[in-house]
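Heads up: the structure comes next, in structure tokens.
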Amino acid sequence: MSRTHTTERTLYCACCGRPFHRANRRGPAPLYCSAECRGQIRVRARVWRARSAAGRGHRHTTPDVRRA
Ligand SMILES: [Zn+2]
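Here is the structure:
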């Protein structure tokens with residue numbers, strides 16, 4: 554998806570994909586329509602990490618990001 558416009562009209566939840574309107578226009582645009590979805594993503598990310606970490610032969614190598 555290339556819907557990265559941060560218009561303050563309609564946002565799409567990164568969790569359930571539902572369009573929603575942000576409550577306040579100040580601050581960073583929310584990614585989720587509700588706190589529940591935010592929690593869902595958190596849990597999912599955790600699971601995904603655990604899976605990828607314990608994946609079959611797939612080693613999660615942390616990129617060494619150095620700023621010279
Ligand atoms: Zn949602």
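Following the numbering used here, the numbering of the sequence shown begins with 554 at its first residue and continues without gaps. Ideal Cβ positions, reconstructed from N, Cα and C, are used throughout, including at glycine. Bear in mind that the values here come from a model prediction, so they are computed numbers and not experimental data.
Indicate whether residue i and residue j have their beta-carbon atoms separated by less than 7 Å.
| i | j | result |
| --- | --- | --- |
| Arg562 | Cys586 | no |
| Arg575 | Leu584 | no |
| Ile594 | Cys569 | no |
### Query
Could you name the residues, in chain order, whose CB is less than 6 Å away from a heavy atom belonging to ligand 1?
Cys566, Cys568, Cys569, Arg571, Tyr585, Cys586, Ser587 and Cys590
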